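Enquirer: In our numbering, the protein residues as written are 169 to 459.
Laid out in structure tokens, this is it:
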């Protein structure tokens, strides 16, 4: 019998806060209830913002909370070869293309279009979709720019990818914290446009790494925040393209601050380390997050 496998996958680019505590503890609770496994993955492909100091803090915080996970821990920065192999396959199959437009060029392109009275589509996060101009570049021009060391990112050609799989996409979503009820959700990867899958110097992005890792680690249940709900559409598309197994999903509620805003590392919201230093106990944290 195959054990159900859950995972908690933080990025060491800041301190863990109450939102992370809720997600980690919920994953552990569900894994124990199912008699399954809990994995810890360190998502550190951003080698500039992710630091060993923040990673050490993650381990301290999780151990203090009483989290238990299987070893060894997978660190994404040690597995770039895995992602490169998958990226190379997508390049060979012409499902990605090099995108050269800078942020300034993107803004100018969109502004010009809007001046002509054409509204510009935006993704679920409100970010303008990437213009399709680079897809029309001749292969010789693409190769010339790459040879000249022009900055670029590899973007997924979403329409080509959808045509390749030739089927509608959906995923199974649990609807409560006990994973007792499910529904099927239509996956809409097209809402995101041609997302970045890798950069010139880093052969992966969040979307690509997460589907590769979940497959390699045999993750059966992805339990993560509601802020990643829409992004699941892109990940389902990649799973189909690459022939990877499909986990079940539960996108849990977010822990909000007093102002109703989602907690965030970038806003300096109170971290677990600060709570611990202020005398809070793991039981206090569980109570604060509703567990």
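Here a beta-carbon is modelled for each residue, glycine too, at the ideal position from N, C-alpha and C.
Predicted model, so just to flag it, every value in this text is computed and none were measured.
Hey, could you find the ends of the alpha helix (DSSP H) residue 231 is sitting in?
Expert: For the purposes of this step, residue 231 is taken as the residue at position 63 of the chain shown. Residues 220-233.
Enquirer: For the region 384-394 against the region 408-420, do three or more pairs of beta-carbon atoms, one drawn from each stretch, fall closer than 8 Å, so that the two count as touching?
Expert: Contact between the region 384-394 and the region 408-420 is present, because at least three Cβ pairs lie under 8 Å.
Enquirer: Fully enclosed by the region 290-332, which alpha helix (DSSP H) runs are 4 residues long or longer?
Expert: You should have 307-315.
Enquirer: Compare the C-alpha of residue 298 against each of 271, 235, 309 and name the closest.
Expert: In the chain shown, counting from the first residue as 1, residue 298 sits at position 130. Nearest of 271, 235, 309 to residue 298, Cα basis: 271.
Enquirer: Return the CA-CA distance between residue 313 and residue 354, expressed in angstroms with no decimal places.
Expert: Here the question's residue 313 lines up with position 145 in the chain shown. Here the question's residue 354 lines up with position 186 in the chain shown. Distance between the alpha carbons of residue 313 and residue 354: 38 Å.
Enquirer: In chain order, what residues of the same chain lie with their CB nearer than 7 Å to the CB of residue 213, ignoring the 5 residues before and after it?
Expert: Position 45 of the chain shown, counted from the start, is the residue given in the question as residue 213. So the qualifying residues of the chain are 244, 245, 370, 372, 377.
Enquirer: Should residue 344 go down as buried or exposed, given a rule of 16 or more other Cβ atoms within 10 Å for buried?
Expert: Indexing the chain shown from 1 puts residue 344 at position 176. With fewer than 16 Cβ atoms within 10 Å of its Cβ, residue 344 is classed as exposed.
Enquirer: When we look at the beta-carbon of residue 453 and count the other beta-carbons within 10 Å, is it buried (16 or more) or exposed?
Expert: If you number the chain shown from 1, residue 453 lands on position 285. Buried is the call here.
Enquirer: Is the region 172-182 in contact with the region 317-328, if contact means three or more CB pairs nearer than 8 Å?
Expert: Output reads no: the region 317-328 does not touch the region 172-182.
Enquirer: Quick test of your reading: residue 459 and residue 198, contact by CB under 8 Å. State the CB separation rounded to the nearest angstrom.
Expert: Counting from 1 along the chain shown, the entry for residue 459 is found at position 291. Counting from 1 along the chain shown, the entry for residue 198 is found at position 30. Not confirmed; about 11 Å, so no contact.
Enquirer: Roughly how far, in whole angstroms, is the beta-carbon of residue 278 from the beta-carbon of residue 296, given that I think they are within contact range, below 8 Å?
Expert: Start at 1 with the first residue of the chain shown, and residue 278 comes out as number 110. Start at 1 with the first residue of the chain shown, and residue 296 comes out as number 128. With a Cβ gap of about 5 Å, residue 278 and residue 296 count as contacting.
Enquirer: When you compare the CB positions of residue 339 and residue 400, do they come within less than 8 Å of one another, or not?
Expert: By 1-based counting over the chain shown, the position of residue 339 is 171. By 1-based counting over the chain shown, the position of residue 400 is 232. In contact: residue 339 and residue 400 (Cβ atoms closer than 8 Å).
Enquirer: Exposed or buried, residue 411, counting other C-beta atoms within 10 Å across all chains shown (16 or more means buried)?
Expert: Looking up residue 411 in the chain shown gives position 243. So residue 411 counts as exposed.
Enquirer: Using 8 Å as the threshold, is the C-beta distance between residue 409 and residue 357 below it?
Expert: Residue mapping note: residue 409 aligns to position 241 of the chain shown, counting from 1. Residue mapping note: residue 357 aligns to position 189 of the chain shown, counting from 1. For residue 409 and residue 357, no; Cβs fall outside 8 Å.
Enquirer: Among the residues of its own chain, which have a CB less than 6 Å from the CB of residue 171, if the five just before and after it don't count?
Expert: As a position in the chain shown, residue 171 is number 3, starting the count at 1. Only 204, 205 meet the Cβ criterion.
Enquirer: Taking residue 400 as part of the alpha helix (DSSP H), name the residues at either end of that continuous run.
Expert: Counting from one through the chain shown, the residue named residue 400 turns up at place 232. Taken as a continuous stretch (DSSP letters only), the alpha helix (DSSP H) holding residue 400 covers 400-410.
Enquirer: Tell me the DSSP secondary structure of residue 109 in three-state form.
Expert: No answer is possible for residue 109: the residues shown for the chain start at 169 and end at 459.
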